[in-house]
Amino acid sequence: MTEPRDHPFTAAVKPLVDAMGGELIPPAQAADDDVVLNWEGEDLVAVRLPQLADSLDRILAALERRHGVPLAELDRKSKQEVVRILEGRGAFSVRHGVETVAGALGVSRFTVYNYLNRENAAKGE
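Number 19 in our numbering belongs to position 19 of the sequence shown; there are no gaps in the numbering.
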């Protein structure tokens with residue numbers, strides 16, 4: 001029998017789990033808040049999801065990789081776009097999210113709030 005870690009389903013979900021900052025674990029080690037993935041009636045693998053604060057750090061790192069430079073080196077328009085993306089991904093619902101984003105962008109919390117207010121005004125909210 002194929003080991004769960006070598007199973008094609010596990011291989012298929014691993015990039016998604018890695019991108020989320022999660023961890024694949026054996027189903028027998030799953031805690032109540034882990035997600036057990038079932039394949040053809042068998043618990044194959046469990047996913048331990050990251051803490052929200054860790055997710056924000058991963059999202060910021062991914063945005064930095066996408067832009068190819070530290071986020072603090074982006075121009076104002078690009079920083080506003082980053083804030084828009086982060087708002088859409090729920091970054092500001094995390095405790096100290098605004099402070100974390102402000103630090104990554106090299107701007108003040110006030111500036112991040114201004115970017116958020118500008119985006120919400122453009123949406124007509």
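Just so you know, even glycine gets a beta-carbon here, dropped at the ideal spot from N, CA and C.
Q) Which of helix, strand or coil does DSSP assign to V47? A) In the structure shown, the three-state DSSP call for V47 is strand.
Q.
Short of 7 Å in beta carbon distance, which residues of its chain neighbour R48, apart from the five on each side in sequence? Order them along the chain.
A. G22, E23, I25, D34
Q: Entirely within the segment 50–115 and at least 3 residues each: give me those beta strand (DSSP E) ranges in chain order.
A: Fully enclosed beta strand (DSSP E) runs of 3 or longer: not present.
Q | Beta-carbon gap between T10 and V45 smaller than 8 Å | A | yes
Q: Under the assumption that L86 contacts V101 (Cβ atoms under 8 Å), give the Cβ distance between them as a whole number of angstroms.
A: 6 Å
**Q.** Own chain partners of A30 with C-beta closer than 7 Å, once the 5 adjacent residues on each side are dropped
**A.** V36, A46
Q. If you draw a straight line from the C-alpha of N117 to the C-alpha of K14, how long is it?
A. C-alpha separation (whole angstroms): 37 Å.
Q: Consult DSSP for E42 and reduce its assignment to one of helix, strand or coil.
A: strand
Q | Top-ranked residue by Cα proximity to V83, from Y113, G68, A61, R66 | A | Y113
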